[in-house]
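Note sheet for the following structure.
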Amino acid sequence: MKTSKLSQAIALSLMMTSAAQAVEITVSITNLTQGMHFTPRLLVAHTDAVDLFEPGIAASAGLTAIAEGGDTSVLAGSLDTSYATTQTNQTFGGLVEPASSSADYTFETEDHSYLSLVTMLIPTNDAFAGLDSWKIPTEPGTYIVPLNAYDSGTEANDEINSGNTALTGPSGVALGGIGVPGMAAPAPTQTYLGAGGSGVAIEAVGGVLEDSDAEGSVHIHRNTLGDTNPTGGRSDLDATVHRWLNPVARMTITVN
Amino acid sequence: MKNTYKLGALALVSSFLAACNDSDNNSTAEISTAADALFNVQITNLTHAQPLSPVAVMMHKSGFFSFKDGETASLALEALAEGGNNADILSEVQASIQHVASASTDGPVAPQSASTVTELTVPADYLSDLRLSVISMLVHTNDGFTGANALNISDMAIGDSLTVTGLTWDSGTEANSETASTLPGPDFSGQGFNVLRDDLIDRVRLHQGAVTNEDTDFGLATSSLKEQHRFLNPTSRIVVTRTQ
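Line order of the protein sequences matches chains V and F. Numbering-wise (this note's numbering), the first sequence opens with residue 9 and increments by one. Numbering-wise (this note's numbering), the second sequence opens with residue 48 and increments by one.
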C-alpha cells in the first residue's frame, strides 16, 4: 500500500512539474486617465536577472525609446539578444484610448517568475505606465494590479507639441523624435492639444528648445501642468484634460 | 429552496429599509439571528476641504457593480457623483439579485474626519461570496466620487478587520468647469445633479484632480476652486470589521 501511495505521489509531482512549465496568463489593461492614450504594450515574463526599469536608475536606450516614442522594438531587441533564455516578450495591441480597456492578450510565460509591462502615455514627453517585476502567482486566479505613471528621466517635460514647426530642437532638429525635445502626438491624440506654447520645464529661446538631457533617472512622474491657452501660454497640453492622479492604469491578470 | 426563501425575506427587508427615508442603521440588526454576521463599516475623509456626501454602504454578492471603469455611468451614479444623492444608487443595488445588505451613513462626512459607523447584517449563507461597495461624492467637485468598487470581503472571521483606501473617480457625466454655479456643497451652493452630459468623455475614469484658479500660467481662470480644494489619491479610507 505504501509503495502504491508513493508511486501515486511521484506521478502527481510529475504532473505538477509538467504543468508548471507551461504557464499561460491572460492580460488586459484599463486606461484610467481621461486625456492620455497608451501606446502598444511591451509585456515581458522574466527571471530576476532582467529588470526593464528601476526607479532611481537611469533608463536604458530601449526604455527611452518606449517612453519618448512608444517604440518597443529597441527594448524587445536588446532583451532577445542579451537575455535569450531568461525572458520572453511580446508587444500587444494598438492605442488604448482614455477611459477604456484593451482586448485580452494571452501570453505564454515560459515559467519565468516575474511579469513587467511598459506603455507610453501620449501626449507627454517621456511618461510611461509600468508594471515593475510583479511576481506571477502560482495559484490560478484573476489578479488586479494598479500601475503608476513614471518619468523615464530622459527628456525635459517641455510640454511642447512637436507639430509646432516654428520651434526646433538643438541644431535645428525637428521636434518629437527620440532624444529630441517636444511631444510626438500622432492622431488621434491631438484632439485637445494646443500649439504655440513657450515651454514648461524648459522654455524656447530664439525658437530653439535646448534640452540638457540632465533630468536623471526613472522616477514617479510629477504630472503634467498644461494651461488653458490653446494658441500660446507655456504648455501645449490642456490643464483640464491632460493631467492625472495615480494610478493611471489597472492590469487584470488571469493565471490560467 | 432555503436560499430562495432567505432571498425573498431579504428583499422584503431591503424594500422596508428603502421605504424608510430616515432608516435607522441598526434596524437591520434588530431582525438578525445568531446565525447572522454583523459588519461595521466606517469611512474616513482624507481630503483637506472636500466634504463627502452621505455614503452609500453596500454589501452584495459577486457580479454586481454600481459602476465600471471605462463604461458609461448609470443615471443613479450620475445623481450621486454630481449632486451627492445616494438614494438611487442604494435602490439600484437593493433591486439587484446580488443584494445582501445596504445603508446610507447618517449624513455627510466632513473633511479630515471619520464617518459614523454603519452596521450591516449578513446572513451566514452569504459570507463565502461577499463584496463591499462604498460610494460618496467629493462635494466640491463637478462629478468626482470616492469609495470602493466590489471589494472582496468573503470569508472574514469574527474580529477580522480590513482597511483599504479609496481612489477618486470622475463619473464622466459633467464637465469639470469648476465654476461656483456647478459646484454643490457648503462653499459654493451651486447646482448638483443635471441630466445634461457634457464631459470630455461619457465614461467613468479616475479624476485628474482640481485645476483651481490659483496659478496664472497653469490654472483655470474661470475656476471657483481654490488651492485648499485640491486633493491627491487616496481621498478616503474604508475600514470594515466583522463583529459577529
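Each residue gets a CB set at the ideal place from its N, CA and C atoms; glycine is no exception.
Asked, Found
"Own chain, CB closer than 7 Å to Leu-98 of chain V, minus 5 neighbours either side, in chain order", "First, the residue type needs correcting, since residue 98 of chain V is Gln and not Leu in the sequence shown. The answer, listed in chain order, is Leu-51, Phe-115."
"Reference Ala-268 of chain F; option with closest CA among V:Asn-237, V:His-229, V:Val-213, V:Thr-232", "V:Asn-237"
"For Asn-92 of chain F: DSSP bridge partner residues", "F:Ser-160, F:Ser-283"
"Listed by chain order, chain F residues near Thr-38 of chain V by CB distance under 8 Å", "Asp-116, Gly-117"
"From V:Met-44, V:His-229, V:Met-191, residue whose alpha carbon lies closest to that of Leu-103 of chain V", "V:Met-44"
"Boundaries of the alpha helix (DSSP H) in which Asp-83 of chain F is found, first to last residue", "Unbroken run through Asp-83 of chain F: none, as it is neither H nor E."
"Contact under 8 Å by Cβ, Phe-192 of chain F with Met-184 of chain F", "yes"
"Beta carbon proximity, Ser-108 of chain V to chain F, threshold 8 Å", "yes"
"Near-chain V residues of the segment 280-291 of chain F - C-beta to any C-beta below 8 Å", "Asn-280"
"Buried/exposed call for Thr-47 of chain V, threshold 16 Cβ in 10 Å", "buried"
"Boundaries (first-last residue) of the beta strand (DSSP E) holding Asp-159 of chain V", "149-159"
"Proximity test, Cβ basis, 8 Å: Asp-202 of chain F and chain V", "no"
"Assumed close pair Phe-240 of chain F, Gly-117 of chain F - CB separation to whole angstroms, cut-off 8 Å", "About 23 Å separates the two Cβ atoms, so there is no contact after all."
"Three-state secondary structure (DSSP) of Pro-145 of chain V", "coil"
"Assigned exposure category for Glu-76 of chain V - 16 Cβ within 10 Å defines buried", "buried"
"Proximity of Val-169 of chain F and Val-147 of chain F at Cβ, strictly below 8 Å", "yes"
"Cβ of Thr-248 of chain V within 8 Å of any chain F Cβ", "yes"
"Outcome for Gln-89 of chain F when other beta-carbon atoms lying within 10 angstroms are tallied against a minimum of 16", "buried"
"Under 8 Å from the C-beta of Gly-234 of chain V: neighbouring residues of chain F", "Phe-265"
"Per-residue burial, Asp-56 of chain V [other beta carbons within 10 Å of its own, 16 or more giving buried]", "exposed"
"Under 8 Å between C-beta atoms of Asn-264 of chain V and Ile-33 of chain V", "yes"
"Neighbouring residues, chain F, relative to Leu-253 of chain V (Cβ below 7 Å)", "Thr-215, Leu-253, His-254, Gln-255, Gly-256, Leu-279, Asn-280"
"Neighbour flag for Thr-41 of chain V against chain F, beta carbons, 8 Å", "yes"
"Sequence-distant residues of its chain with Cβ nearer than 6 Å to Val-31 of chain V (five each side left out)", "Thr-117, Asp-119"
"Where the segment 179-200 of chain F meets chain V: residues whose CB sits under 7 Å from a CB there", "none"
"Under 7 Å by beta carbon: chain V residues contacting Leu-99 of chain F", "Under the 7 Å cutoff, chain V gives no residues; its nearest Cβ is about 17 Å from Leu-99 of chain F."
"Residues that DSSP places opposite Ile-33 of chain V in a beta bridge", "V:Phe-115, V:Val-263"
"Asp-135 of chain F: first and last residue of the uninterrupted alpha helix (DSSP H) it sits in", "134-142"
"Contacting positions in the segment 215-230 of chain F - beta carbon closer than 8 Å to chain V", "Thr-215, Asp-217, Gly-219, Asn-223"
"Completely contained beta strand (DSSP E) runs for the segment 188-254 of chain F, where each covers 3 or more residues", "191-199, 208-213, 215-217"
"Selection from F:Asp-135, F:Val-251, F:Leu-230 that minimises the alpha carbon distance to Leu-214 of chain F", "F:Val-251"
"Simplified DSSP assignment, three categories, for Tyr-122 of chain V", "strand"
"Limits of the unbroken beta strand (DSSP E) element including Ser-180 of chain F", "178-184"
"Contact the segment 144-151 of chain V vs the segment 172-190 of chain V: 3+ CB pairs below 8 Å", "no"
"Residues that Ile-248 of chain F contacts on chain V, provided the C-beta gap is smaller than 7 Å", "Gln-42, Pro-106, Ala-107"
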